Amino acid sequence: MIRANVGTYSRQVGDVTVTALLDGQFEGTTSMILGPSEAQSEQWLRETFRHVPPRLSISCFLLEFTDGSKALVDGGCGHALGPVAGLAPKALASLGVKPEEIATILLSHAHPDHVGGLIETDGSARYPNAEMAITEVEHAYWMSDVHREDAAKQFFDGARAGFTAYAAKTRHFKDGEEVMPGIEAVFLPGHTPGHTGFILRSGSDALFLWADVVHVPAIQYAHPEAAVSFDVDPAAARESRKRAFDRVSTDKMLVAGFHHDFPPFGRLRGHGQAFVWDAEVWSPMAIGLIGSEE
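Start counting the sequence shown at 996; every next residue gets the next number (my numbering).
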């Protein structure tokens, strides 16, 4: 029997090879969706033939440049969510990419499903040669003892562990800054105070790696006002989502959603007051599935 247990999906954005790394999936709750009632959320999920309660896929991304350098956008869960996730290192290994080859980590925000995979169980850096780039606002939030007392302490402890592992090689960036050649930081606050997406431009192509603008695609495109309980500031997250939706639907920009069904690439178009996600069609030439025989 062959069982697919690691997923990768690569596509070109100009001269840059962008590979989605499937880190896993976790099961949420209808109560985590803020705005609609639980009954309404369940109805919307069933109408779109989705699992109830919602299941959230987790992806992070490998960027490979023509000069041979490599970067990661986020790192997945590591051991933060148990055996349901933490597959990104296996996905990287399936591509023949060694941890020491990663030169830069662009961190969208420091929730455990984004920073947990950047460290080993002993707290050391999984990517020993990498520089971590993160907004100063995001870094300061997770380092604040005041905020830690008001929120889930384990989230703060996980973020700090990630920061500690890369403390010697960390830099901060601002909204609109070119964080790497051809990559612009786009401030999307609300989900966390420094939550950030990245627009990659190469030649005539562009890709918006927008991190956690959307958690439940089956609901939040048709109902952008729906927030999630993971949002530090739900009202600000709604505003960031509206701006991002308007921008990509107007510009017809390719998007990578970190909690979208795999592969997580697609485009957005307006549909009255709602939006429609057009997922990129699977390409057998682009998909990597590593199987284990039993």
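Ideal Cβ positions, reconstructed from N, Cα and C, are used throughout, including at glycine.
Treat the numbers as computed from the prediction; the structure is a model and nothing was measured.
Going along the chain, which residues of its own chain have a beta-carbon closer than 6 angstroms to the beta-carbon of residue i, five neighbours each way excluded?
i, result
"E1059", "T1012 and K1065"
"E1275", "F1260 and G1261"
"E1294", "In the structure displayed, the chain extends from 996 to 1289; residue 1294 sits before or after that span and is not available."
In terms of alpha-carbon separation, which member of the options lies closest to residue i?
i, options, result
"D1152", "K1237, H1134 and P1176", "H1134"
"A1120", "G1265, G1019, F1193 and I1100", "I1100"
"G1070", "F1240, A1083, A1230 and D1062", "A1083"
"A1206", "S1199, G1192, R1196 and S1197", "G1192"
"T1116", "G1073, V1181, D1108 and K1247", "G1073"
"K1169", "P1229, G1157, I1178 and F1182", "F1182"
"N1124", "L1113, I1097 and G1177", "I1097"
"L1204", "K1164, A1075, A1015 and G1077", "A1015"
"S1103", "D1241, E1037, F1056 and L1029", "F1056"
"D973", "L1195, V1208, R1143 and E1042", "Only positions 996 to 1289 of the chain appear in this structure, which leaves residue 973 out of reach."
"H1210", "D1010, Q1035 and S1054", "S1054"
"R1233", "P1049, V1132, W1039 and T1187", "T1187"
"T1159", "R1143, G1267 and M1138", "M1138"
Using 8 angstroms for Cβ pairs, my map puts residue i next to residue j. What's the rounded Cβ distance?
i, j, result
"A1213", "R1045", "4 angstroms"
"I1129", "H1167", "6 angstroms"
"A1008", "D1200", "As written in the sequence, residue 1008 is Val, which differs from the Ala given in the question. The pair is a contact, with the Cβ atoms about 5 angstroms apart (cut-off 8 angstroms)."
"P1229", "A1222", "4 angstroms"
"L1067", "G1023", "So it is not a contact: roughly 25 angstroms between Cβ atoms."
"P1031", "H1218", "7 angstroms"
"P969", "Y1136", "Since the first and last residues shown for the chain are 996 and 1289, residue 969 lies out of range."
"G1081", "D1018", "7 angstroms"
"S1197", "G1171", "So it is not a contact: roughly 18 angstroms between Cβ atoms."
Got a sec, what are the start and stop residues for the beta strand (DSSP E) residue i sits in?
i, result
"A1066", "K1065 to V1068"
"I967", "Outside the modelled stretch of the chain, which goes from 996 to 1289, sits residue 967, for which no answer is possible."
"A1034", "Careful: A1034 lies outside any beta strand (DSSP E), inside the alpha helix (DSSP H) at E1033 to E1042."
"G1185", "No beta strand (DSSP E) contains G1185, which DSSP labels as neither H nor E."
"A1201", "D1200 to L1204"
"D1018", "V1011 to E1022"
"F1056", "R1050 to E1059"
So, at 7 angstroms on beta carbons, what are the nonlocal neighbours of residue i in its own chain, with the 5 sequence-adjacent residues on each side left out?
i, result
"W1272", "P1212, Y1216, G1261 and L1263"
"K1247", "R1262"
"F1150", "H1106 and P1107"
"V1110", "G1070, L1102, G1153, A1154 and G1157"
"R1041", "V1047"
Identify, in the order they occur along the chain, each residue of the same chain with its Cβ nearer than 8 angstroms to the Cβ of residue i, setting aside the five sequence neighbours on each side.
i, result
"K1237", "P1219"
"F1257", "G1002, Y1004, A1015, L1017, S1052 and S1054"
"V1174", "L1101, A1128, F1168, A1180 and F1193"
Can you check the segment 1090-1154 for any beta strand (DSSP E) of at least 3 residues that lies completely inside it and give the ranges in chain order?
1097-1101 and 1126-1130
Identify every run of the alpha helix (DSSP H) within the segment 1206-1275, keeping only runs that are complete inside it and at least 4 residues long; order them along the chain.
1212-1215 and 1229-1246
Minimum length 3: unbroken beta strand (DSSP E) runs contained in the segment 1154-1178:
1165-1168 and 1173-1175
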